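Notes follow once the structure below has been shown.
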Amino acid sequence: MSLLEVQGLKVHFKLRRGWFRSASILKAVDDVSFQIDPGETLGIVGESGCGKTTLARAIVRLLTPTAGRILFEGTDLAILKGAALRLRRRKLQMVFQDPYGSLNPRMTIRQIINEPLGIHRVGKNAKTRSTRYSELLTAVGLDAGAADRYPHEFSGGQRQRIGIARALALEPRVVVCDEPVSALDVSVQAQVVNLLRDLQETLGMALVFIAHDLAVVRHISHRIMVMYLGKAVETGPARTVIDHPSHPYTKSLVAAVPAIRRGESVPRIVLPGEMPSPINPPPGCPFHPRCPVAQDLCRVEPPLLREIQPGHWASCHFATV
Amino acid sequence: MDIPLLEVRDLVLEMGQGSENVRLLNGVSFTLRKGETLGLVGESGSGKSLTASSLARLTPSPPSRYRGQILVNGHDVFGMTSRELRRLRGGVISYVFQEPASVLNPVLRVGTQILESLRLHHPEAARPAEVHRWLKRVGIPSPEKRARQYPHELSGGMQQRAVIAMALASQPDLLIADEPTTALDVTIQAQILDLLRDLQQQFGMGILLITHNLGIISEMAGRVLVMYAGQIVESGAVGDVLGNPQHPYTRALLASVPSLQGNRDRLLTIPGQVPSPREFPSGCRFHPRCVQARPDCSERMPILEELSGSRLVRCPYHGVPA
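Going down the list, the sequences are from chains A and B. Numbering follows the working numbering, in which position 18 of the first sequence is assigned residue number 18; successive positions increment by one, without gaps. Numbering follows the working numbering, in which position 259 of the second sequence is assigned residue number 580; successive positions increment by one, without gaps.
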C-alpha cells in the first residue's frame, strides 16, 4: 500500500455571477489520481492556472475536495473533519512559495517553529521542545542564534529554510512543497533543493514538489505529473517524462525551456496562445486548441489517461512511446 | 569609428553621507551597439537593476551620487537638462520590467496608456489606429477590443505584451528589459522572447537584457556581462563566457543551475550569499564564497583584466582550477 494515494480527486468551485444568473463551475482539479511511497518525490508541473496549487492545498486539506479520496496510511482524509482531521493532518505538512508572506512577521523564529509543537502538544515541557527546536534549526542549516530574531532579519533563502523547519517540526510523512524555490536566486535555489533531498534521505518522508521550472523538477523528482486545465495529462518516471515526453503538451513545455547552449542548438517549438479559462474548457481534449498535432477526433472526444509503457501514462489519442 | 548607442565609462554610484556612505556600483564600464542584445546576469543584489536604472538616471540624485560617464548616442546623460532627460526616458531609452501589473495603470484602459506614450514622443502618430497597430505587432489578438479593456482584464502574458507595445511605440534606440519574463510561464516566456527578437530585427533597437536565467541569455544575447557585488566580474561573447567561464563566480553560477539533461546528483551551490553594499569584503568581493580563494585574494581588489579581444575577467587566478 502506498503512503498516500489520491483517487479521482476533484476540486470544483461554484462561481456566482449576479443573483439571477445560474452559477458556473470552475473545475480547478478534475479527476486526478496518483500515489506516492515513503522516500519518493513526485514532481507536479504545469502552467499557472493548471490547478497544481489547488491540488496541493486539497492534499493537505486546506481545501475540501468536491469528490474523490485521499488515502493517507489507509484513512480517507477527504471525509475527515475537526479533531480527527487535525490529528491525521499533522503528518502532512506544506512549504509555501512566498518566503516573505508565509512567516508571521510579528513572531520570532522560535515562536514560528514551536507553534506547531504547541498546537499538537508535542514534547512534555518547554525543555524538550527547545531541544527539538535546536535540532530542527541545525537540520535546515541555520545556527541556533537565529532563535530570537524576526523573519525580516533573514534573506529569502534563510526564510525558506525556516519554513521547511516549521514543516518538519511534527515529523511529517508527506511534505507538500508548492514552488518552494521559485522566489530564490539560482545559487540559493540549489542550496534549498539539496537541503530538501538530504532531509528526505535522512527522514524518509515523501515529497510532493510543485514547480514550473522543469529542470528543477526533473532534478529532484522520481516521478513527474504534468497537469493541464485541472487534469493530469502525463505521468511517469522523471527522466522519461522530460527526456522522452509523450504528450504534445509536455513536449512543448520541455521545448520552451531556454537552454544554456554549449555547442549545438535545439529548435524551439513556441506554443501558440494561452491556457483557456477552466470555467469554460474546450470540448474534447482540453489541449486541442493549442496542440500542433490536433485532429478532428481531438475536438470531440476527450482522451483517457492510458498506460503507453509500464509506469508511463499519457492522455492523448496519439500518444506513443 | 561610429558612435556606439550606449557607452558606460567607469560608472560609480554612491548613496548616504559620511560613515553611512555606501558604494553600490563600482567602476562599471561597457558598450552596447545598435541592433545588439547585451545580457546582464548576476544574483539579486549584484547591482544589475541599479545599473539599468542609472542609464536614464532613474535613481534620483541626490540622494544618490554618480561618477563616471554614460553616453547615449554620444550625449552625456549626466550633463542633460531635465527637459532632455524627459526626452531620453521613454523616448530614446525604454524600459520593460518584471511585473507588467506594476507598470500598467490599473484605472486607465490599455489603449489610453499606449496612446500616452505616442503622444509624448510621437505626437503626429497619436491616433487610436496607431495604438491598434502596435497591439497587433506585439501579437495581441483583436487589438480594438483589447485597447478598450483595463489591465486586470488581460492575462500576465498579454499585459507584458501591452507593456512592450507601450515601450516600443516611442521607437526607442535602446530597450532595457529587466527580467521581462520572470513572472511568466515558460510557454509564454518563449512567446515573449520570440517577440522581442522579431521586433529587434524589424526596428534594430539595442536591447540590454537583464535576467538571472542563463538559458535566456544563451538564447538571446550576443555578449554578456556577469555582475557581482556592484562590479563586472566577467564579460565577453555569450558562447565563450557560458561555454568556457573564466571567473570562479561565473563557473559557480553555471554549476548551480540544474539542466534538463543532467543526472540526478547534487547541485553545486555557492556557499553564503551576496554581501550587502555595507559589508563588501576587502580585496576580491567574491573571495569569502570562492572555492579557489587564496590568501592574497582578501588583500587586493583584482582588476578587470583583458584576456583576448573582448574577453574581460576580474580574477588573477582565472581559468579552470588545476
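Glycine included, each C-beta is placed from N, C-alpha and C at the ideal position. These numbers come from a predicted model, not from an experiment.
With three or more C-beta pairs closer than 8 angstroms as the rule, is the segment 219–230 of chain A touching the segment 40–47 of chain A? yes
Any 3 or more C-beta pairs closer than 8 angstroms across the segment 397–408 of chain B and the segment 428–436 of chain B: no
For G411 (chain B), count neighbouring Cβ atoms within 10 angstroms of its own Cβ and tell me buried if that reaches 16, exposed if not. Here residue 411 (chain B) refers to the residue found at position 90 of the second sequence. Buried, by the Cβ-count rule.
From the DSSP output, read off the bridge partner residues of P237 (chain A). Here residue 237 (chain A) corresponds to residue number 237 of the first sequence, with the count starting at 1. DSSP, once it has assigned bridges, lists A:R223 as partnering P237 (chain A).
Could you give the first and the last residue of the continuous alpha helix (DSSP H) run that contains M548 (chain B)? Your numbering for residue 548 (chain B) matches position 227 in the second sequence. Taken as a continuous stretch (DSSP letters only), M548 (chain B) belongs to no alpha helix (DSSP H), being part of the beta strand (DSSP E) at 544–549.
Taking DSSP as the reference, what is the three-state secondary structure of T571 (chain B)? As a working note, residue 571 (chain B) is residue 250 in the second sequence. It is helical.
Below 7 angstroms on C-beta distance, what does E234 (chain A) contact in chain B? Counting from one through the first sequence, the residue named residue 234 (chain A) turns up at place 234. Result: empty, since nearest Cβ-Cβ is about 15 angstroms, beyond 7 angstroms.
Can you find the residues in the same chain that come closer than 7 angstroms, C-beta to C-beta, to H639 (chain B), ignoring five residues on each side of it along the sequence? To locate residue 639 (chain B), count along the second sequence from 1; it is residue 318. Answer for H639 (chain B): Q567, H568, listed in chain order.
Taking the straight line between their C-alpha atoms, what separation do you get for L489 (chain B) and I528 (chain B)? As a working note, residue 489 (chain B) is residue 168 in the second sequence. As a working note, residue 528 (chain B) is residue 207 in the second sequence. C-alpha separation (whole angstroms): 12 angstroms.
Is the CB-CB distance between G564 (chain B) and R544 (chain B) below 9 angstroms? As a working mapping, residue 564 (chain B) is identified with position 243 in the second sequence. As a working mapping, residue 544 (chain B) is identified with position 223 in the second sequence. No, these two residues do not count as a Cβ contact at 9 angstroms.
I want to know whether the segment 267–285 of chain A touches the segment 296–304 of chain A - three or more CB-CB distances under 8 angstroms. A contact exists between the segment 267–285 of chain A and the segment 296–304 of chain A.
Interface residues of chain A around H442 (chain B) at Cβ under 7 angstroms? Within the second sequence, numbered from 1, the residue matching residue 442 (chain B) stands at position 121. None at all; the shortest Cβ gap to chain A is about 30 angstroms.
Closer than 9 angstroms to chain A by CB, P602 (chain B): Residue numbering aside, residue 602 (chain B) sits at position 281 when the second sequence is read from its first letter. So, not an interface residue.
Using three-state DSSP, classify I461 (chain B) as helix, strand or coil. Working through the second sequence from its first residue, we reach residue 461 (chain B) at position 140. I461 (chain B): coil per DSSP, three-state reduction.
Member of A:I162, A:R129, A:H152, A:P272 whose CA lies at the smallest distance from the CA of P105 (chain A): For the purposes of this step, residue 105 (chain A) is identified with residue 105 of the first sequence, where counting begins at 1. Distances from the alpha-carbon of P105 (chain A) to those of A:I162, A:R129, A:H152, A:P272 put A:H152 closest.
For R635 (chain B), which residues from the same chain have a beta carbon less than 8 angstroms from its beta carbon, with the 5 sequence-adjacent residues on both sides left out? Your numbering for residue 635 (chain B) matches position 314 in the second sequence. These residues qualify, in order along the chain: Q552, I553, V554, E555, H568, C605, P623, I624, L625, E626.
Could you spell out the range, first to last residue, of the beta strand (DSSP E) harbouring V300 (chain A)? Within the first sequence, the letter at position 300 stands for residue 300 (chain A). V300 (chain A) -> not in any beta strand (DSSP E); alpha helix (DSSP H) instead, spanning 296–300.
Start-to-end residues for the beta strand (DSSP E) that takes in E5 (chain A): One-based indexing of the first sequence puts residue 5 (chain A) at position 5. E5 (chain A) -> beta strand (DSSP E) spans 4–15.
For R149 (chain A), which residues from the same chain have a beta carbon less than 7 angstroms from its beta carbon, with the 5 sequence-adjacent residues on both sides left out? Working through the first sequence from its first residue, we reach residue 149 (chain A) at position 149. Closer than 7 angstroms at the Cβ level, and outside the excluded window around R149 (chain A), lie T108, I109.
Alpha carbon of E264 (chain A) to alpha carbon of E540 (chain B), nearest angstrom: The residue given as residue 264 (chain A) occupies position 264 in the first sequence. The residue given as residue 540 (chain B) occupies position 219 in the second sequence. For E264 (chain A), the pLDDT reaches just 49, beneath the cut-off of 50, and the residue's location in the model is therefore unreliable, although a value from the coordinates is still provided. Cα to Cα, the separation comes out at about 12 angstroms.
CA-CA distance, R632 (chain B) and V562 (chain B)? Locating residue 632 (chain B) in the second sequence gives position 311, counting from the first residue. Locating residue 562 (chain B) in the second sequence gives position 241, counting from the first residue. Taking the straight line from one Cα to the other gives about 8 angstroms.
Where Q158 (chain A) and P99 (chain A) are concerned, what is the direct C-alpha to C-alpha distance, given to the nearest angstrom? Numbered from its first residue, the first sequence carries residue 158 (chain A) at position 158. Numbered from its first residue, the first sequence carries residue 99 (chain A) at position 99. Rounded to the nearest angstrom, the two C-alpha atoms are 9 angstroms apart.
Three Cβ pairs or more, each shorter than 8 angstroms: is that satisfied between the segment 313–320 of chain A and the segment 241–259 of chain A? yes
Could you have a look at Y324 (chain A) and say whether DSSP puts it in helix, strand or coil? Lying before the first or after the last residue shown, residue 324 (chain A) is absent from chain A, which here runs from 1 to 321.
Who are the Cβ neighbours of F72 (chain A) in its own chain at under 6 angstroms, not counting the five residues just before and after it? Locating residue 72 (chain A) in the first sequence gives position 72, where the first residue counts as 1. These residues qualify, in order along the chain: L4.
Chain B contact for V186 (chain A) (CB, 9 angstroms cutoff): Numbered from 1 along the first sequence, position 186 holds the residue referred to as residue 186 (chain A). Taking Cβ atoms only, chain B reaches closer than 9 angstroms to V186 (chain A), which makes this a yes.
Are V270 (chain A) and L581 (chain B) touching if we call contact CB-CB under 9 angstroms? Working through the first sequence from its first residue, we reach residue 270 (chain A) at position 270. Working through the second sequence from its first residue, we reach residue 581 (chain B) at position 260. No.
Any C-beta of chain B within less than 8 angstroms: which residues of the segment 178–208 of chain A qualify? D185, V186, S187, V188, Q189, A190, Q191, V193, N194, R197
Rounded to the nearest angstrom, what separates A447 (chain B) and T380 (chain B) at their Cα positions? If you number the second sequence from 1, residue 447 (chain B) lands on position 126. If you number the second sequence from 1, residue 380 (chain B) lands on position 59. Going from the Cα of A447 (chain B) to the Cα of T380 (chain B) covers about 29 angstroms.
Could you confirm whether any beta carbon from chain B is found closer than 9 angstroms to the beta carbon of I44 (chain A)? Residue 44 (chain A) sits at position 44 when you count from the first residue of the first sequence. Not an interface residue.
Just to make sure I have the definition right: I need the residues of chain B whose C-beta is within less than 8 angstroms of the C-beta of A259 (chain A). Which are they? Counting from 1 along the first sequence, the entry for residue 259 (chain A) is found at position 259. Near A259 (chain A) (Cβ distances below 8 angstroms), the residues of chain B are G536, S539, E540, S580, L581.
For C50 (chain A), which residues in the same chain have their Cβ closer than 8 angstroms to its Cβ, ignoring the five residues on either side in sequence? In the first sequence, counting from the first residue as 1, residue 50 (chain A) sits at position 50. Counting only Cβ-Cβ distances below 8 angstroms, and skipping sequence neighbours, we find M227, Y228, L229, G230, M275.
Cutoff 9 angstroms: I461 (chain B) Cβ touching any chain A Cβ: The residue you call residue 461 (chain B) lines up with position 140 of the second sequence. No, its Cβ sits nowhere closer than 9 angstroms to a Cβ of chain A.
Cβ pair K10 (chain A), D30 (chain A) closer than 9 angstroms: By one-based count along the first sequence, residue 10 (chain A) stands at place 10. By one-based count along the first sequence, residue 30 (chain A) stands at place 30. Taking 9 angstroms as the cut-off, the beta carbon of K10 (chain A) is found closer than this to the beta carbon of D30 (chain A).
Report the option in A:S2, A:Q7, A:T66 whose CA atom is closest to the CA atom of I25 (chain A). Taking the first residue of the first sequence as 1, we reach residue 25 (chain A) at position 25. Ranking the options by Cα distance to I25 (chain A), first place goes to A:T66.
Rounded separation between S629 (chain B) and R344 (chain B) - CA only: The count along the second sequence starts at 1 and reaches residue 629 (chain B) at position 308. The count along the second sequence starts at 1 and reaches residue 344 (chain B) at position 23. Straight-line Cα distance between these residues: approximately 29 angstroms.
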